[in-house]
Amino acid sequence: MYAFDIERPTTIADAAKALSGEAQALGGGQTLIPTLKARLADPGTLVSLSGISEMQGVCMSDAGEVCIGGGTTHATVAAEATAYPALAETASHIGDPAVRNRGTIGGSLANNDPSACYPAAALASGATIITNAREIAADDYFQGMFTTALDEGEIITEVRFPVPEKANYQKFVQPASRFALVGVYVAKYADGVRVAVTGASEEGVFRWTEAEAALTSNFSAEALDGLSVSADGMIGDLHGSADYRAHLVKVMTGRAVSAAA
Amino acid sequence: MPKDGGIGAATPRREDVRFLTGNGKYTDDINVRGQAYVHFLRSDIAHAKINGIDTSEAEKMDGVIRVFTGADFEAVGSIPCGWQVTDRHGEAMQEPRHPVLAHGKVRHVGDPICAIVAETYEAARDAAEAIDLDLEELPAVVDMKEAVKDGAPKVHDELTSNLCYDWGFVEDNRAAVDEAIKNAHHVTTLELVNNRLVANPMEPRVAVGDYDRSDEEHTLYTTSQNPHVIRLLMGAFVLGIPEHKLRVVAPDVGGGFGTKIFHYAEEAFVTFAAKELNRPVKWTASRSEAFMSDAHGRDHITKIELALDKDNNFTALRTETYANMGAYLSTFAPSVPTWLHGTLMAGNYKTPLIYVNVKAVFTNTVPVDAYRGAGRPEATFQLERVVDKAARELGVDPIALRRQNFITEFPYATPVAVEYDTGDYNATMDKLTEIADLSGFEARRKESEARGKLRGLGLNCYIEACGIAPSNLVGQLGARAGLYDAATVRVNATGSISVMVGAHSHGQGHETAFPQVVADMIGIDASQIDIVHGDTARTPFGMGTYGSRSLAVCGSAMVKATEKIINKAKKIAAHLLEASDEDIELADGQFTVAGTDKSVAWGDVTLAAYVPHNYPLEDIEPGLEETAFYDPANFTYPSGAYACEVEVDPDTGKVTIERFAAADDFGNIINPMIVSGQVHGGLAQGIGQALLENCAYDEDGQILSASYMDYAMPRADDVPFYSVDHSCQTPCTHNPLGVKGCGEAGAIGSPPSVVNAVLDALNAAGHDVPHLDMPLTPSKVWDAMNKGA
């Protein structure tokens, strides 16, 4: 990697100040560090967010939302987000133990890898992404592969998840990386069902609205009969064609519905 | 039997203690005072003319010592190839020059162009970015069949074409085989690809060069399976260093799987540069470099035809294979698709007529060479697939078809030049039937179906040739080295023993198994015996470890040397006991005068050898140290039968291996636990090839799977709990231990049974899928079910 300076602020305010110049935020580093090691980035200054205690941990809001600090690791979410079991379960299957013990929810959502798990969880749950500057609804936050509504230097301080009646995430893994080849997160709320798909689309995470409508009126896998997903815009690569991914979206959605608890 | 384990004891591996506690000493742990670091600037283009290299900015940078280019190596030899194949017209293969650093052209992604030596790795890498390369991209040849067409771009301009050789075996059988196939009752034809693999040992390659001006001696520390071979190839052919001035050390090596057999340019570079700069020079490969510079494995395209008579007897076999050599000839590359492949095409069957044609092809890809099994997996895969396909076409039981055609009388001379000494293929098939619980399969299939899953059963047999190899034979076949091995048994005064061996252990457990043999012969504790390996200054000239040869060849040398020790020790004991030599018996570490209670202990005899106060000095020399070389009379022929059961998820195409059973005949066994471990590891690699691994190139010669993000290695949850058995034992008849070798069997024997099982699952469910090429990824299997194969 190239030489860099590192700053370790202990408050959100100091982190925001450090990030106001030419600097790159560092969450758990599970994407950024390999990128640096491959000399694919030369940030000059890294601002580590891992020393900011106000961005750590899981709690409940008065409105009954599960609130997760932006610097909270996947392992902590898996262990502590017990009020939202499907989310905890999702976190427990991200990457491998090393990734789960370092990687953070804020880092994952800020990166918005098109095959990551958390974007599907956040979008299907209608989560709110809280930054040091504002609150962003998940529906407005994800703007395509590796693209989000975040401004330069903006920090995800917290993510708030309304707890659904039922939810489940089904990940069909890419055999090498074990990221989602296709991952589908289904969440059933009193006002309707939300279905978010990761891994499949060239546009990154997206909502399968036809399935949402069908499942809202009949929350069962059979409700998907007759629906299909177009292969247009789906990713095609070594590990699966666009047709295959489109097919898997439906299969994984059905399985998530059947498994939802 | 000695209390801590002689022959046959499942002694835990003593070397594991240091490996598992972080005390292994690997090449990257070696740091020589004053060392500099080298980074290789590698081509990111598959084929290009080098119009210019401007290193002036890089050389001015802080910490940079020197930047080398191909021009610095014009007076240095070519990286040599260790095997010359003669083609079917009697012509020698085409053998291009392989420079240490690319000169004139780059020929594959990863080809090293510049070597930047600096005070730190980071300084070297910074400087690499300041080098101005003027590369003129040329059309790349990647597809083998395109590469041999007239007018295809040439990888090596000085060669007549991209065809390295066109080999026919046995050429005299060609017409008879053609005739037999033409007139056959039934011919089963199969075209297949044996997928290109990257070995991916856990430890990437490392090399440290050192030069001592006081005695003008070079030392190379390197991640090698065979330090003497590296000394021979690099010293004699590349750098012109006499052997007594070149020491090669291969300390603990974290896995080789074949890819650390070969002599690599980086080894020659650090050795050369250490003298040139009067500084030790160290190189440690990154994982990315490993993907583009370690020799790859397999990569064959094959058409195979099996002819049968009306009674389903195999009457003839014909194969045509395109074998990828990559851009240069790696050390043993030409031998893999020929002598390690063609000679195995009889398999376990008494097919009377066989003809094998192999076209070895240069392409703009990383060189391809031996990878666990080397040629034998390719032979086994095509043969066991075509036999299975024939059974399906003829509607006969695949086990019965195999049994009907088994070789049952030994020794058996195949029509492809080798003679199997022993084997019992029905015995291993019987054992497989039992341990795989084949009779319970239909019930398990129904149970799977009840859960909506397709279940399939696949089997195969295999034979391999190990214990490589009789030197006079391989010399006739084009080897440029002998393939004997050597051991020195040094008994110390107090009776402990150091055994210096030419074999090299990089996961095989030699440090445990070899002492078991000597302990058993003498009757002392194995803990009194240590193995020394991996250093040309400490060990006799041996050829290293590959081809499941270590115990069969080097172990035999060790037995011979130990026999010499025992003979001499008996003479000393006879003197001490005032008896005649021939009356002395050795058992449990005691020399006894036969028929008496007069005895002397091992330790007293060894002490007498080094403190010869009461000693027959007029008849024998003091000391107790013996060396033996052993050159095998034949290959050894392990064999076996494997069965795999899979479930296929019809909704996703995902294959899971539910059961895997392996019944092997390895001859006699020294340590059954180590043998099981070797089989387990081989099976994991074979399953990896069948389901997961694939080194894919695009048409421009870019590697599409050049990291673990896209190259799928098998993980623990990809493989099942294995059922392995090696109780069927037909001992090898021509080595003193009766051993055959077990290191490669799992990787050779498993891919066909996995593929046969998946095809069984699909066909049983009504999908007409005659063949699928590996790896059987979910998407490929789903496509086969939904779009046809």
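Sequences listed follow chains C and U, in order.
Using numbering that gives the first Met the number 0, you'd call the opening residue of the first sequence number 0 and step up by one each time.
Using numbering that gives the first Met the number 0, you'd call the opening residue of the second sequence number 0 and step up by one each time.
Positions of the beta carbon are idealized from the N, C-alpha and C atoms, including for glycine.
* From the DSSP output, read off the bridge partner residues of V158 of chain C. => C:I67, C:I128
* To do: List the whole-angstrom C-beta distance separating T252 of chain C from W207 of chain C, where the pair is believed to meet the contact cut-off of C-beta under 8 Å.
  => 7 Å
* What separation, rounded to the nearest whole angstrom, lies between the Cα atoms of L18 of chain C and M54 of chain C? -> 16 Å
* **T44 of chain C, DSSP secondary structure in three states** => strand
* Taking C-beta pairs closer than 8 Å, name the residues in chain U that G239 of chain C reaches, listed in chain order. => T776, P777, S778
* To do: For Y168 of chain C, go through chain U and note every residue whose CB falls closer than 9 Å to its CB, in chain order.
  => Near Y168 of chain C there are no residues of chain U at all, since even the closest Cβ is about 16 Å away, more than 9 Å.
* Exposure of V318 of chain U, with buried meaning 16 or more beta-carbon neighbours within 10 Å -> It should be pointed out that residue 318 of chain U corresponds to Thr in this sequence rather than to Val. Buried.
* Candidates U:S549, U:L316, U:A139: which alpha carbon is nearest T187 of chain U's? -> U:L316
* Taking only runs of the beta strand (DSSP E) that begin and end inside the stretch 249-327 of chain U, which ones reach a length of at least 3 residues, in chain order? -> 280-283, 299-307, 313-325
* Proximal residues to T34 of chain C (C-beta, below 7 Å), its chain only, five neighbours per side dropped -> A40
* Asked: For S704 of chain U and chain C, any beta-carbon pair shorter than 8 Å?
  -> Closer than 8 Å: yes.
* Contact between the stretch 167-176 of chain U and the stretch 253-267 of chain U: three or more CB pairs below 8 Å? -> no
* Asked: Listed from N- to C-terminal order along the chain, which residues in the stretch 112-137 of chain U have their beta-carbon within a distance smaller than 9 Å of any beta-carbon of chain C?
  -> Against chain C - using a Cβ distance shorter than 9 Å - the residues of the stretch 112-137 of chain U are E121, R124, D125, E128.
* **Cutoff 6 Å; reference S447 of chain U; Cβ partners in own chain excluding five residues on either side** => R454, E646
* Closest residue to I747 of chain U among U:L339, U:M233, U:V488, U:M499 (Cα-Cα distance) -> U:L339
* By the criterion of Cβ-Cβ separation under 9 Å, what are the contact partners of Y184 of chain C in chain U? -> What Y184 of chain C touches in chain U: nothing, since even the nearest Cβ is about 18 Å away.
* Should G152 of chain C go down as buried or exposed, given a rule of 16 or more other Cβ atoms within 10 Å for buried? -> buried
* Unbroken alpha helix (DSSP H) run spanning D211 of chain U, endpoints -> Segment 205-211 is the beta strand (DSSP E) holding D211 of chain U; no alpha helix (DSSP H) there.
* DSSP state of I583 of chain U, grouped into three classes? -> strand
* Range covered by the beta strand (DSSP E) that runs through N459 of chain U -> 453-462
* Cutoff 7 Å; reference T81 of chain C; Cβ partners in own chain excluding five residues on either side -> Residues of the same chain with a CB within less than 7 Å of the CB of T81 of chain C, apart from the 5 flanking positions on each side, are A87 in chain order.
* Pick from U:A122, U:D209, U:Y210, U:H88: whose alpha carbon is nearest that of D165 of chain U? -> The shortest C-alpha to C-alpha distance from D165 of chain U to any of U:A122, U:D209, U:Y210, U:H88 is the one to U:H88.
* To do: Quick one: list the residues of chain C neighbouring D650 of chain U, beta-carbon separation under 7 Å, in chain order.
  => V250
* Which of helix, strand or coil does DSSP assign to N566 of chain U? -> helix
* Asked: According to DSSP, is D717 of chain U helix, strand or coil?
  -> helix
* Is A47 of chain U buried or exposed, if buried means 16 or more other CB atoms sit within 10 Å of its CB? -> buried
* To do: Measuring only between beta-carbons, confirm whether L247 of chain C sits less than 8 Å from chain U.
  => At least one chain U Cβ lies under 8 Å of L247 of chain C.
* Asked: DSSP puts P111 of chain U in a beta bridge; with which residues?
  -> U:R41
* To do: Please list the residues of the stretch 154-179 of chain C that have a C-beta atom closer than 9 Å to any C-beta atom in chain U, keeping them in chain order.
  => So the close ones are F171, Q173, P174, A175, S176, R177, F178.
* **Cutoff 6 Å; reference L190 of chain U; Cβ partners in own chain excluding five residues on either side** => Before going on, a small fix: residue 190 of chain U reads as Glu here, not Leu. For E190 of chain U, where only same-chain residues beyond five positions count, the Cβ hits under 6 Å are K302.
* To do: From the DSSP output, in three-state form, read off F18 of chain U for me.
  => helix
* 8 Å contact criterion, which T544 of chain U and S504 of chain U should meet: CB distance rounded -> The beta-carbon distance between T544 of chain U and S504 of chain U, rounded to whole angstroms, is 7 Å. This is short enough to meet the 8 Å contact definition.
* Asked: For S598 of chain U, does the count of other Cβ atoms within 10 angstroms reach 16, so buried, or fall short, so exposed?
  -> buried
* Identify which residue in U:G522, U:G554, U:R401 has its Cα closest to the Cα of D587 of chain U. => Of U:G522, U:G554, U:R401, the residue nearest in Cα terms is U:G522.
* 9 Å Cβ cut-off: residues of chain C touching D298 of chain U -> Ordered by position in chain C, no residue passes the 9 Å Cβ test against D298 of chain U, which lies about 16 Å from the chain.
* Could you give the distance in angstroms between the alpha-carbon of V417 of chain U and the alpha-carbon of L550 of chain U? -> Roughly 21 Å between the two C-alpha positions.
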